[in-house]
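Under our numbering, think of the first position of the first sequence as 608, with each following residue one higher.
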Amino acid sequence: MPELPEVETIRTQLEPRLVGRRLELVSILDTRLTRPLDPREVSAELEGARIEAVERRGKYLVLRLDSGSSLLVHLRMTGSFGFKPTSHERAVLELEGGERLVYRDVRRFGTWLVVDAVELEPYLSAKNGPEPLSARFTSAWLANQLSRRRAPLKAVLLDQRVVAGLGNIYADEALWRARLSPLRSAESVDPEDVPRLQRAIRAALRAGIARQGASLRDYATPDGVSGAMQEEFNVYGREGEPCPRCGTPIAKARVGGRGTWYCPRCQR
DNA sequence: ACCTCGTCCTGGTTGC
DNA sequence: TGCAACCAGGACGAGG
608 MPELPEVETI RTQLEPRLVG RRLELVSILD TRLTRPLDPR EVSAELEGAR IEAVERRGKY
668 LVLRLDSGSS LLVHLRMTGS FGFKPTSHER AVLELEGGER LVYRDVRRFG TWLVVDAVEL
728 EPYLSAKNGP EPLSARFTSA WLANQLSRRR APLKAVLLDQ RVVAGLGNIY ADEALWRARL
788 SPLRSAESVD PEDVPRLQRA IRAALRAGIA RQGASLRDYA TPDGVSGAMQ EEFNVYGREG
848 EPCPRCGTPI AKARVGGRGT WYCPRCQR
């Protein structure tokens with residue numbers, strides 16, 4: 608489940624290997640990938656273009672092309688990139704120089720979309736709120752968003768328009784750091800506590816980036832290396848284990864249909 | 001406008 | 001040991 612730290616790690620590794628290279632052949636092997644568009648149309652738009660930049664917005668990977676178009680890749684649950692043949696290949700980009708970038712996605716939730724220069728920013732802005740590691744992600748913004756939502760706090764943090772890039776893992780980890788319960792309603796959070804939550808979100812994501820993401824199930828980086836963040840989870844997946852802060856057994860609940868781990872004692 | 005839930009999808013794990 | 005049921009969850013659409 609690639610979230611911001613995993614996608615950022617992928618971006619960092621792809622950038623030096625892709626920028627300046629031409630896409631010679633684009634093979635889309637799974638027709639679901641480009642739905643509702645015909646994969647042949649998408650291939651035709653990509654082939655021959657040169658990659659100018661590899662960027663990230665929220666959980667989207669953005670390949671900017673010299674044609675003016677951009678390829679937006681969303682990895683959803685199990686999407687990944689690599690440079691070696693593997694199982695569950697859904698697309699292959701043959702690069703100038705003979706290298707083959709393979710897109711793998713076991714569960715086929717991932718999506719590829721080509722947008723032109725005019726559409727790019729409106730599309731990304733409609734899907735994503737502020738980047739959590741940018742200056743635009745302020746406590747004031749977060750407080751305002753929380754104040755108008757009655758849903759569980761965690762459910763609101765998973766809304767990409769509130770903050771871009773948080774997923775199930777880092778939402779739980781951020782809430783643990785902030786000592787706030789995922790179950791309470793967003794509007795019930797005291798405005799005085801919001802700066803703590805804002806800093807906790809940043810800290811959780813920065814920790815993930817520093818460890819090159821978390822390797823669970825299907826995540827691997829393009830270089831084939833595993834991230835190490837899973838070894839440092841405080842609560843995620845740790846039902847029954849002692850809270851690293853107070854020793855109380857970690858509890859598990861379902862919030863918005865998602866597995867949710869938290870300390871019932873020190874997260875209020 | 002907001003909220004919850006079902007859907008998509010496959011493979012690994014669990015339980016009988 | 002076999003096999004079916006269950007579980008993982010990001011985004012989106014339906015329905016309340």
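A virtual CB, placed ideally from N, CA and C, is assigned to each residue, including glycine.
**Asked** With C-beta atoms as the reference, is G665 less than 8 Å away from G772?
**Response** Yes, the Cβ-Cβ distance between G665 and G772 is below 8 Å.
**Asked** Can you name, in chain order, every residue of its own chain whose Cβ lies under 7 Å from the Cβ of R803, other than the five neighbours on each side?
**Response** Taken in chain order, the residues that qualify are A785.
**Asked** Leaving out five residues before and five after E662 in sequence, what residues of the same chain have Cβ atoms less than 6 Å from its Cβ?
**Response** Excluding sequence neighbours, E662 sits near V669.
**Span of the alpha helix (DSSP H), counted from its first residue to its last, around R806** = It spans 801-817 - the alpha helix (DSSP H) in which R806 sits, taken as one unbroken run.
**Item:** Length of the line joining the Cα atoms of L708 and F690
**Value:** The C-alpha of L708 lies about 5 Å from the C-alpha of F690.
**Message:** Checking 8 Å against the spacing of the C-beta atoms, do R671 and E659 come in under that value?
**Reply:** Yes, Cβ-Cβ distance for R671 and E659 is below 8 Å.
**Item:** Residue of G704, V699, V725 minimising C-alpha distance to R711
**Value:** With respect to the C-alpha of R711, the residue from G704, V699, V725 having the closest C-alpha is V699.
**Asked** Among residues of its own chain, excluding the 5 on either side of G736, which ones have a beta-carbon nearer than 6 Å to its beta-carbon?
**Response** Answer for G736: R768, V769, V770, A771, listed in chain order.
**Prompt:** Helix, strand or coil: which one does DSSP assign to I617?
**Reply:** Residue state, collapsed to three classes: helix.
**Top-ranked residue by Cα proximity to Y587, from C870, V796, A733, P609** = Outside the modelled stretch of the chain, which goes from 608 to 875, sits residue 587, for which no answer is possible.
**Item:** Identity of the residues DSSP links to V721 by a beta bridge
**Value:** In the DSSP assignment, V721 forms a beta bridge with L678.
**Asked** What's the C-alpha gap between C873 and L682?
**Response** One alpha carbon belongs to C873, the other to L682, and they sit about 34 Å apart.
**Prompt:** Buried or exposed: where does G774 fall if 16 or more other Cβ atoms within 10 Å of its Cβ makes it buried?
**Reply:** Its Cβ being crowded by 16 or more others within 10 Å, G774 is buried.
**Closest by C-alpha distance to L702, when choosing among R642, S634, A733, T867** = Restricting attention to R642, S634, A733, T867, the CA atom closest to the CA of L702 is found in S634.
**Request:** Tell me W868's beta-bridge partners as DSSP assigns them.
**Result:** Looking at the DSSP assignment, W868 forms a beta bridge with K859.
**Request:** Report the option in P643, G705, L753 whose CA atom is closest to the CA atom of R629.
**Result:** For R629, the closest of P643, G705, L753 by C-alpha to C-alpha distance is G705.
**Item:** From W719, R715, V614, G675, residue whose alpha carbon lies closest to that of R647
**Value:** When W719, R715, V614, G675 are compared, the shortest CA-CA separation from R647 is found for W719.
**Message:** Rounded to whole angstroms, what is the Cα-Cα separation between P829 and P609?
**Reply:** Rounded to whole angstroms, P829 and P609 show a C-alpha spacing of 13 Å.
**Message:** Is the separation between the beta-carbon of A656 and that of D645 shorter than 8 Å?
**Reply:** At the C-beta level, A656 and D645 stay beyond 8 Å of one another.
**Message:** Is the separation between the beta-carbon of R809 and that of P739 shorter than 8 Å?
**Reply:** Yes. Within cutoff.
**Asked** Closest to E838 by CA distance: which of S788, S677, E780 is it?
**Response** The candidate whose alpha carbon is nearest that of E838 is E780.
**Prompt:** Would F840 be called buried (16 or more neighbouring beta carbons within 10 Å of its own) or exposed?
**Reply:** The residue is buried, with at least 16 neighbouring Cβ atoms inside 10 Å.
**Request:** Please state if the CB of I857 and the CB of R845 are separated by a distance shorter than 8 Å.
**Result:** Contact: yes.
**Request:** Quick one: grab the DSSP three-state call for A781.
**Result:** Annotated three-state conformation of A781 is helix, per DSSP.
**Message:** Rounding to the nearest angstrom, what Cα-Cα distance links K761 and S677 in this structure?
**Reply:** In a straight line, the C-alpha of K761 is about 32 Å away from that of S677.
**Asked** Would the beta-carbon of A793 fall within 8 Å of that of L765?
**Response** The answer is no: Cβ separation not under 8 Å.
**Item:** Three-state class that DSSP yields for E726 in the structure shown
**Value:** DSSP places E726 within a helical segment (H, G or I) once states are collapsed to three.
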